[in-house]
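Student:
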Amino acid sequence: ALRLMEEESTLHHDIIQQDFLDTYNNLTLKTLMGMEWVSRHCPNASYVMKADSDIFLNVGFLARELLQLQLPPKKDFMTGYIYRNTGPLRSKAYKWYVPREVYPNDTYPPYCGGPGYVLSGDLAKKVYGVAQTLRVINMEDVFMGLCLHKLGVSVTNSPWGLFNLARLEYEKCQFSKLVLVHHFGPTDLQRVWPDFQGGNKTCPS
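Quick look at the structure:
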């Protein structure tokens, strides 16, 4: 595994490492690692996206139809699929169990679902900074919402259906007008991407 990682890094220069185990319960640490890296190495970025590896991502639509509408680039901005009026699960039987001593409140602030969300570049540094003052919980998307709440920043609604956290069956014209679809693994992406990038089908504007 280490050899493959070294080959990937040498070929694409796209791997960042820190000293913790890459496990589900450490997703928050991994996201904060990304926020720190952006703060240090991309301080002038207008926007940043956090995305899981198992999504279909339409970068062109994101840049053209969503972010261009935010010109000039916004500050204190985050958007994605927004969860509201949710709260911690207190039973140890659940994957997302959070004990009351870790998070005593019964509700979470609004937050963007973890498979993929977009934030303004300035917010990455602020999130990383305020995270140092909060107790970390293992759900990185909820924790990002807690950071925003502490900063006094609200999530921004995006048009309905652009961020799909449920799997959709691929259809080129539908997928051409959304940002992401969750639950698309490497095999799925290899299957649909050539058609999405090419093909003869013309979609209505």
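Numbering of the sequence shown is given in full-length UniProt numbering, commencing with residue 1 and proceeding in unit increments. Glycine included, every Cβ here is placed at the ideal spot set by N, Cα and C.
#1: Quick check: the region 41–51 against the region 91–99, are at least 3 beta-carbon pairs closer than 8 Å?
#2: Which complete beta strand (DSSP E) runs does the region 121–183 hold, if anything under 3 residues is left out?
#3: Residue range of the beta strand (DSSP E) that residue 80 falls in?
#4: Is the distance from the Cβ of residue 162 to the Cβ of residue 136 below 7 Å?
#5: Since residue 226 and residue 155 should fall inside the 8 Å C-beta cutoff, what is the C-beta to C-beta distance between them, to a whole number of angstroms?
#6: Measure the alpha-carbon distance for residue 140 versus residue 75 and round it to whole angstroms.
#7: Starting from residue 48 and walking both ways along the beta strand (DSSP E), at which residues does that stretch end?
#8: Comparing C-alpha positions only, which one of 72, 203, 57, 73 sits nearest to residue 164?
#9: Report the rounded CA-to-CA distance for residue 103 versus residue 198, giving the unit in angstroms.
Tutor: So, from the data block:
#1: no
#2: Unbroken beta strand (DSSP E) stretches of 3 residues or longer found wholly inside the region 121–183: 180–182, given in chain order.
#3: 78–83
#4: Against a cut-off of 7 Å, the Cβ pair of residue 136 and residue 162 comes out as no contact.
#5: Coverage of the chain is limited to positions 1 through 205, which leaves residue 226 absent and any answer about it impossible.
#6: Taking the straight line joining both Cα atoms gives about 21 Å.
#7: 47–51
#8: 57
#9: 48 Å
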